[in-house]
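Numbering (numbering that gives the first Met the number 0), first residue to last: 0 to 500. Below is one structure; the comments refer to it alone.
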Amino acid sequence: MKWWHEAVFYQIYPRSFFDANGDGVGDIEGIRTQLDYLTWLGVDALWISPIFPSPMADFGYDVSDYCNVDPVFGTLEDFDRLLSEAHDRGLRVILDWVPNHTSQEHPWFRDARSSQDSEHRDWYIWRDARSDGSLPNNWLSSWNNEPDWTFDEGSGQYYLHCFLPEQPDLNWANVRVREAMADTLRFWLDRGIDGFRMDVIHLVGKDPDLPNDPDDLLFVGHVPLNDVPVTHDYLRELRRVLEEYPDDRMSVGEVYLLDPEAVATYYGDQDELDLSFNFLSLLTPWRAEAWRDLITRTENAHLNVDAWPTWVLSNHDNQRVASRLGGDPVKIRSSAILLLTLRGTPFMYQGEELGLLNGEIPEDRVVDPGSRDGCRTPMPWTSDYPHGWWGEPWLPFAADSVGYSVETQIDDDESYLHFFRSVLALRRSQPALRRGTFENLNVESHVLRFDRCAGGDVVSVWVNFGREACAIDMQGRSILLRSGGAIDEALLAPGEAVVVA
Ligand code: GLC
């Protein structure tokens, strides 16, 4: 087992975490000043969404320089200080590396589009129109169903972009691109970073023929359909870059394939990704059978290839789990138990520990081209407006930021924040929950149960997805933690989850 198998990761979306310099946007200094909060909470590793120079067409996922820090977030020195103070506290830090595309403002793309003979032309993916004048293929963006091609007037060809036109796709078939991108990893590895979250990593390989997507799948957009063998060669190369360094540097890939069997192939033969996201959990309804099926598929797919799963309920691209659960306090607490007791590495998202809901964004405050502002609202730190910020931040706060604020919840032992902290502490104290095997998954009358087992210890989890209270057989053991108010020791309230040992 490596450190990332047992760690709980906490995703920081830096624009909305904490603003140290008063410009309305969170920054690296802001993260540094909240490190004590994160260690108090009890997480082990931080994933920081992109901090690199960027025109912010996609809020940092359009990088114009992979080896620097955007001034809105601070400086390289700020970053070095954050990393060293995080390490002093035993917190690991991984960065969000965006290899599939650059910003159109990246010097490589500026040169590439300058002429068809430019040095960097082949670093991107250029095509002529088809003979009938139509676009090079039928790929559509997952965001807005607009074509994945934009015509560059200046140089007379189309370029491919699986996201915004401002995010041209790099041509990973070009070995110089792969070498240059490997060097961007080394830049941060040399500074001591513990690893990378690799953005849409399954997209980097492309079938060189760029074949049309099947007509009946066009409604899903191209991104979740791109799954080609050559990507695995590139992942093996990237793994070797990480292995040039001591101290177990890691990768977690965003493999947006919505299919646990396909996701598991991205671990290769222990020679590709160390971990991969498995996003069906974000789309699985809160029903016992649906979760049983997802867990079974995930367990089987990963066990087959000796891969370690990951679990996620919220991130900066999706509606927050608390909103998906209709704001129900018992279910929200139960979701924390589920996330932190399944076999695998959990990734939680800033604000999840507060039970934070998605924000309603008034039309004149919408900034994201992908309509994801609602899950990116600023962390409410203090109870009084502006909640630890300096005035109105770049996005509005979600509803009831007084009640959901860290300050209000810290003073209330019954809050989401204290509950989350208890689940994290329980996980830390129980080897079976961190690294145990997964056994005896079963659903009966809308109640899902499973065991985690290590060294003779058995920790059992029950989650009641139904609307009726339900008796459980604890076999003489006792409850370590429960998400609802106990009606009776051995009776699980509707929506409630318990951990028993
Ligand atoms: C990933 C990121 C998302 C971004 C996209 C394009 O899906 O999570 O935020 O917009 O890649 O880089």
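Each residue gets a CB set at the ideal place from its N, CA and C atoms; glycine is no exception.
Runs of alpha helix (DSSP H) with 4 or more residues, each lying fully within the segment 299-338, are found at 320-323, listed in chain order.
About 11 Å separates the Cβ atoms of H221 and W142, ruling out a contact at the 8 Å cut-off. Here H86 is exposed: its Cβ has fewer than 16 other Cβ atoms, across all protein chains shown, within 10 Å. In this structure, the beta-carbon distance from Q10 to F346 falls below 8 Å.
G465 is a Cβ neighbour of S444, given a cutoff of 8 Å. By the 16-neighbour rule on beta-carbons within 10 angstroms, V174 is exposed.
Not a single heavy atom of ligand 1 lies less than 7 Å from the C-beta of V442.
DSSP, reduced to helix, strand and coil, places R433 within a helical segment of the structure shown. Contact between L337 and V462 holds, since their C-beta atoms are separated by about 6 Å, short of 8 Å. For F418, the enclosing alpha helix (DSSP H) stretches over residues 415-428. Counting only residues of its own chain and dropping the five nearest sequence neighbours on each side, N144 has a CB closer than 7 Å to the CB of G220. Annotation: the continuous beta strand (DSSP E) that includes P345 extends over 344-348. Secondary structure remark: continuous beta strand (DSSP E) runs of at least 3 residues inside the segment 43-117, in chain order: 44-47, 91-96. Put simply, the segment 62-82 does not touch the segment 117-125. Fewer than three CB pairs are less than 8 Å apart.
As the crow flies, the alpha-carbon of L490 is around 56 Å from that of P210. Assignment of W142 by DSSP, reduced to helix, strand and coil, places it in the coil class. In this structure, the CA atom of G358 is about 35 Å from the CA atom of V499. In the DSSP assignment, S250 falls within the unbroken beta strand (DSSP E) covering 249-252. Fully contained in the segment 446-496 are the following beta strand (DSSP E) runs of length 3 or more, in chain order: 446-453, 456-463, 478-481.
Under the DSSP assignment, G402 falls in the alpha helix (DSSP H) whose first and last residues are 400-403. When DSSP states are grouped into helix, strand and coil, G194 belongs to the strand group.
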